[in-house]
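The structure appears below as structure tokens.
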Amino acid sequence: MSSETQAKGDIHIVDLHKSFLHEGKRLNVINGIDSVFRKGEMVSISGRSGVGKSTFLHVLGTLDRPTRGQILFGDQDVFTLSSTQLARFRNQHIGFVFQFHHLLPEFTALENVMMPALIHRLSKADADRKARALLAEVGLSERLRHKPGELSGGEQQRVALARALVMEPTLLLADEPTGNLDQDTGEGIHDLFLELNRRFNLTIVIVTHDPRLAARMPTRLTMKDGRFVEPGDAAHAAEHVAAEVAADEEDHEGLVTLGATEHGNDATG
9 MSSETQAKGD IHIVDLHKSF LHEGKRLNVI NGIDSVFRKG EMVSISGRSG
59 VGKSTFLHVL GTLDRPTRGQ ILFGDQDVFT LSSTQLARFR NQHIGFVFQF
109 HHLLPEFTAL ENVMMPALIH RLSKADADRK ARALLAEVGL SERLRHKPGE
159 LSGGEQQRVA LARALVMEPT LLLADEPTGN LDQDTGEGIH DLFLELNRRF
209 NLTIVIVTHD PRLAARMPTR LTMKDGRFVE PGDAAHAAEH VAAEVAADEE
259 DHEGLVTLGA TEHGNDATG
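Counting along the sequence shown from 1, when you hit position 41 you're at 49 in the numbering used here, and nothing is skipped either side.
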């Protein structure tokens with residue numbers, strides 16, 4: 009089977025583990041995940057910082073190999089591929105959107121979106137055509153010649169999203185895609201994800217601390233200790249994530265208060 013055929017359909021994750029050596033000790037980050045992401049499914053993954061969300065996303069996106077376990081795109085066990093084959097597979101079948109847009113500042117929006125297609129050796133004319141169509145899809149047809157520094161944060165993220173889609177991936181992965189955006193701009197990105205899923209039947213997996221975004225996903229997973237816990241309904245998912253975020257913020261505020269108190273004691277001592 010060709011990779012084009014094998015990459016279609018559901019994504020099966022089988023007994024996935026990932027660990028790292030840290031100061032001579034093995035740190036287990038992903039602890040035996042078994043899951044299936046159906047074709048066209050939209051999934052949010054939430055949980056406190058440090059539970060393994062981003063590590064899981066990197067392994068799912070083949071940016072890192074697991075310690076053990078399998079990820080099958082259709083019939084293709086991707087980690088049986090060589091590094092060169094895996095890079096080619098990733099470029100063709102997986103799109104990425106990160107919290108920071110990682111656009112190349114010296115290139116225009118159009119050129120940034122064209123880049124993956126040119127790397128894949130599409131002709132310049134085909135890459136240009138696909139990039140223009142996608143930038144129109146995300147509402148930026150009037151911004152083709154603007155460089156990233158001339159765009160707003162929301163516009164930069166839309167360019168990054170168009171770039172992630174230019175190779176027509178079967179899977180789109182997003183790591184905190186609205187983390188640097190204000191609420192109104194973030195809501196626009198939420199709407200765009202939903203619209204792209206509807207139009208292209210694209211499988212989308214989003215790691216987020218944003219309870220509003222998590223609650224809008226049809227499938228909501230919560231990660232704890234490197235595993236998924238049972239998903240609940242939308243209200244439960246939103247409440248759970250909001251509680252986790254509030255706990256993180258409370259911890260941070262406590263540290264700030266403690267630091268201020270200690271500073272004050274030093275000043276008066």
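Every residue gets a Cβ at the ideal spot worked out from N, C-alpha and C, and that includes glycine. Given the structure is predicted, the values throughout are model-derived calculations rather than measurements.
query = Taking the C-alpha atoms as reference points, what is the distance between L189 and R220?
reply = 13 Å
query = Hey, would you say L29 sits closer than 9 Å to G40, going by beta carbons?
reply = no
message = Give me the residue from E158, Q191, K132, A182 with the minimum Cα distance to F201.
response = A182
Reduced DSSP secondary structure (H/G/I, E/B, other) of F45 = strand
message = Could you check whether L65 and V215 sit closer than 9 Å to each other, using their CB atoms as the reference points?
response = yes
message = Using the three-state DSSP reduction, which class does L204 fall into: helix, strand or coil?
response = helix
request  = Would you mind working out which of V174, I38, S43, G147 sits nearest I19, comparing C-alpha positions?
outcome  = S43
ask   = Just how far apart, CA to CA, sit D231 and K61?
value = First, the residue type needs correcting, since residue 231 is Met and not Asp in the sequence shown. Taking the straight line joining both Cα atoms gives about 7 Å.
key: For S160, three-class secondary structure by DSSP   = coil
Sequence ranges, alpha helix (DSSP H) only - wholly within the region 116-140, length at least 4 = 117-127
ask   = Would you report the Cα separation of K178 and G17, rounded to the nearest angstrom?
value = In the sequence as presented, Lys is not what sits at residue 178; that position holds Thr. Taking the straight line from one Cα to the other gives about 8 Å.
key: Beta bridge counterpart(s) of M285 as assigned by DSSP   = This structure gives no information on residue 285, because the portion of the chain shown stretches from 9 to 277.
Where F64 falls: helix, strand or coil (DSSP) = helix
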